[in-house]
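One structure is given here, and the rest of the page talks about it.
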Amino acid sequence: MSTDNAMKISADHLRRDAFLYVRQSSLRQVFENTESTKRQYALRDRAVALGWPIERVHVIDNDLGLSGAQSQDRDGFQRLVSEVAMGHAGIVLGLEVSRLARNNADWHRLLELAAMSRTLIMDEDGVYDAASFNDRMLLGLKGTMSEAELHILKSRLQGGILNKARRGELELPLPIGFVYTPDTRVVLDPDRQIQDTVRMLFDTFREAGSACAVVRRLRSEKILYPRAHSARSRQG
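Numbering (our numbering), first residue to last: -7 to 228.
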């Protein structure tokens, strides 16, 4: 532990608990980007090295797979904010600012509460005191950079999609009953059973005028409706 970090941690901080916030932006990242998740969980050892007993290092990881662009649907982040506001947290740990928040409104709200409750914030680079002007300015800059990074990533992705669309090469998921050919033409699914089932669905709906009637007929005749799949050559 560096001398600078040790000077910021007081007995009052150690009397309170440590809260480690773990988040990945999507379920795909949870399953594929496992190293980031492991690095986030490893911050528990950093908290122990700073003086917190392992039993008082609480891991909040119920926001795994959720974007940090907004806080409304992130129950874990809301819990973290509540713990800080009530003065229960001596330190908040996150691998980087982007794990905690991707917009300045949520980030500065957390900083304001941390400053009032004298709660420390720690990322992979070090420990910060939100009540200190210099530390808060640095944390603010990190938050701004995180929000800008999200904007750049979204713009880059959207630009790539639009460019593909201009060339006529953009493939979107097709309704059930249609597939792409190898030369990207849209055709009826060659599976006759799928064609017959889709036609029956529309014929039944035209006759009965009710979605419930369609479901009842499918059930009565024990017909399974085809499901979408992601195989690229038959995307639909």
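By construction, the Cβ of each residue, glycine as well, lies at the ideal position given by its N, Cα and C atoms. Bear in mind the structure is a predicted one, so any value in this text is a computation, not a measurement.
Enclosing beta strand (DSSP E) for H50 [first to last residue]: Within the sequence shown, residue 50 is the residue found at index 58, counting from 1. First-last of the beta strand (DSSP E) with H50: 49 to 52.
Could you check what DSSP says for D34 in three-state terms: helix, strand or coil? Within the sequence shown, numbered from 1, the residue matching residue 34 stands at position 42. Note that residue 34 is Ala in the sequence shown here, rather than Asp. Of the three classes helix, strand and coil, the one that applies to A34 here is coil, per DSSP.
In whole angstroms, give me the CA-to-CA distance for L58 and E199. Position 66 of the sequence shown, counted from the first residue, corresponds to residue 58. Position 207 of the sequence shown, counted from the first residue, corresponds to residue 199. Looking at the two C-alpha atoms, the distance is approximately 43 angstroms.
Contact set for Q187: own chain, Cβ-Cβ below 8 angstroms, skip 5 residues either direction: Mapped onto the sequence shown, residue 187 falls at position 195. Excluding positions up to five away in sequence, the list reads G169, L180, D181.
Can you find the residues in the same chain that come closer than 7 angstroms, C-beta to C-beta, to V178, ignoring five residues on each side of it along the sequence? Position 186 of the sequence shown, counted from the first residue, corresponds to residue 178. L166, F170, Y172, listed in sequence order.
Count the other CB atoms within 10 Å of the CB of G228; is the residue buried (16 or more) or exposed (fewer)? Taking the sequence shown and counting its residues from 1, the one referred to as residue 228 is at position 236. The pLDDT assigned to G228 is 47, lower than 50, so where the model puts this residue is not dependable, and the model offers no usable value.
In the DSSP output, which residue or residues are listed as bridge partners for Y172? The sequence position of residue 172 within the sequence shown is 180, counting from 1. Per DSSP, V178.
When we look at the beta-carbon of R224 and count the other beta-carbons within 10 Å, is it buried (16 or more) or exposed? Here residue 224 corresponds to residue number 232 of the sequence shown, with the count starting at 1. Caution applies to R224, whose pLDDT of 47 falls short of 50 and renders its modelled position unreliable; the value that the coordinates give is listed next. Exposed, by the Cβ-count rule.
Measuring only the C-alpha atoms, how far is K30 from F197? If you number the sequence shown from 1, residue 30 lands on position 38. If you number the sequence shown from 1, residue 197 lands on position 205. Cα-Cα distance, rounded: 51 angstroms.
Straight-line CA distance for T189 to E213? Within the sequence shown, residue 189 is the residue found at index 197, counting from 1. Within the sequence shown, residue 213 is the residue found at index 221, counting from 1. If I take the Cα positions, the gap works out to 11 angstroms.
What three-state label does DSSP hand A122 in the structure shown? To locate residue 122, count along the sequence shown from 1; it is residue 130. Three-state DSSP puts A122 in coil, outside helix and strand.
What residues match up with Q22 in a beta bridge as DSSP calls it? Residue 22 sits at position 30 when you count from the first residue of the sequence shown. Checking the sequence, you will find Val at residue 22 rather than Gln. Its beta-bridge partners do not exist; DSSP assigns none.
Quick one: what's got a C-beta closer than 8 angstroms to N25's C-beta in the same chain, skipping five residues either side? Sequence index remark: in the sequence shown, residue 25 carries index 33 (1-based). These residues qualify, in order along the chain: Q16.
Rounded to the nearest angstrom, what separates R226 and H143 at their Cα positions? Position 234 of the sequence shown, counted from the start, is the residue given in the question as residue 226. Position 151 of the sequence shown, counted from the start, is the residue given in the question as residue 143. For R226, the pLDDT reaches just 49, beneath the cut-off of 50, and the residue's location in the model is therefore unreliable, leaving the point undetermined.
Return the CA-CA distance between L42 and M114, expressed in angstroms with no decimal places. Counting from one through the sequence shown, the residue named residue 42 turns up at place 50. Counting from one through the sequence shown, the residue named residue 114 turns up at place 122. Roughly 11 angstroms separates the two Cα atoms.
Give me whichever residues DSSP pairs with V84 in a beta bridge. As a working note, residue 84 is residue 92 in the sequence shown. F11, I113.
Using alpha carbons as the reference points, say which of R101, I153, R159 lies closest to G135. Taking the sequence shown and counting its residues from 1, the one referred to as residue 135 is at position 143. Nearest option by C-alpha distance: R101.
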